[in-house]
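Engineer: Per my numbering, residue 11 is the first one in the sequence shown, and the count goes up by one each step.
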Amino acid sequence: RGQGGNRHRMDSEKFWAALARSKIAFLRPGDHLCISWRMTDLLAMGACVVCDGTPYANWYEPLVGGVHFEDGHCRLGSDYSLPNESSYTQLRQVVEKLLADENRMLSLRRNAADYFDNFAAPDAVASHLLETVTQHLEKMR
Numbered sequence: 011r012g013q014g015g016n017r018h019r020m021d022s023e024k025f026w027a028a029l030a031r032s033k034i035a036f037l038r039p040g041d042h043l044c045i046s047w048r049m050t051d052l053l054a055m056g057a058c059v060v061c062d063g064t065p066y067a068n069w070y071e072p073l074v075g076g077v078h079f080e081d082g083h084c085r086l087g088s089d090y091s092l093p094n095e096s097s098y099t100q101l102r103q104v105v106e107k108l109l110a111d112e113n114r115m116l117s118l119r120r121n122a123a124d125y126f127d128n129f130a131a132p133d134a135v136a137s138h139l140l141e142t143v144t145q146h147l148e149k150m151r
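In structure tokens, the structure reads:
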């Protein structure tokens, strides 16, 4: 919380409604430069996601820039250093180009939703985990 409790809070219902109405959802990396858990939520919503850059980490089925999200070419360095100033210009250009192309945004939304259904939905993750454990147990026999 901010000093003296002055932090403005948006209740979760308003937050998700605003996110669902957004043409573009921006996403920065999570702790340790991982793919943020928010990505799962955005994929489930079929959001048009712009990441500051290609994530350093991958999930068991990698997310692909230009397919599941748009790469803003403005990612933090592996040492958490900020990108150079020209990277922010490039990010603006990526966003402007995307906003001008409804079909591109629709394609990213569809691909995001498909990715969620096939790889990130709870049942898909559970199936992957069970398959991985089963394969590991079979190798141990």
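Even for Gly, the Cβ is constructed at its ideal location relative to N, Cα and C. Predicted model only: the values in this text are computed from it and were never measured.
Could you tell me whether the segment 119-128 touches the segment 54-62, where touching means 3 or more Cβ pairs closer than 8 Å?
Structural biologist: Under the 8 Å Cβ criterion, the segment 119-128 counts as touching the segment 54-62, having at least three qualifying pairs.
Engineer: Based on Cα-Cα distance, which residue from 138, 80, 71 and 24 lies nearest to residue 116?
Structural biologist: 80
Engineer: Terminal residues of the continuous alpha helix (DSSP H) containing residue 37?
Structural biologist: That residue, residue 37, is in no alpha helix (DSSP H); its beta strand (DSSP E) goes 35-37.
Engineer: Would you report the Cα separation of residue 28 and residue 136, rounded to the nearest angstrom?
Structural biologist: 30 Å
Engineer: Within 8 Å, do at least three Cβ pairs link the segment 40-47 to the segment 19-27?
Structural biologist: As far as the Cβ criterion goes, the segment 19-27 does not touch the segment 40-47, which means the pair count is below three.
Engineer: Checking the sheet assignment: what are the DSSP bridge partners for residue 60?
Structural biologist: 36 and 80
Engineer: Suppose the cutoff is 7 Å on Cβ atoms and the five residues either side in sequence are ignored; what does the same chain contact list for residue 105 look like?
Structural biologist: These residues qualify, in order along the chain: 34 and 60.
Engineer: Quick one: using the 10 Å Cβ neighbour count with 16 as the cut-off for buried, is residue 11 buried or exposed?
Structural biologist: Reliability fails at residue 11, whose pLDDT of 42 lies under 50, so the model's placement of it is uncertain and the value that follows must be treated cautiously. Exposed, by the Cβ-count rule.
Engineer: Measure the beta-carbon distance from residue 73 to residue 126 and round it to whole angstroms, keeping in mind my assumption that it falls under 8 Å.
Structural biologist: That belief does not hold up - the Cβ atoms of residue 73 and residue 126 are roughly 11 Å apart, past 8 Å.
Engineer: Cα separation between residue 26 and residue 148?
Structural biologist: 43 Å
Engineer: Could you please give me the residues that DSSP links to residue 75 through a beta bridge?
Structural biologist: 79
Engineer: Between 69, 32 and 63, which has its C-alpha nearest residue 50's C-alpha?
Structural biologist: Selected option, being the one with the closest Cα: 69.
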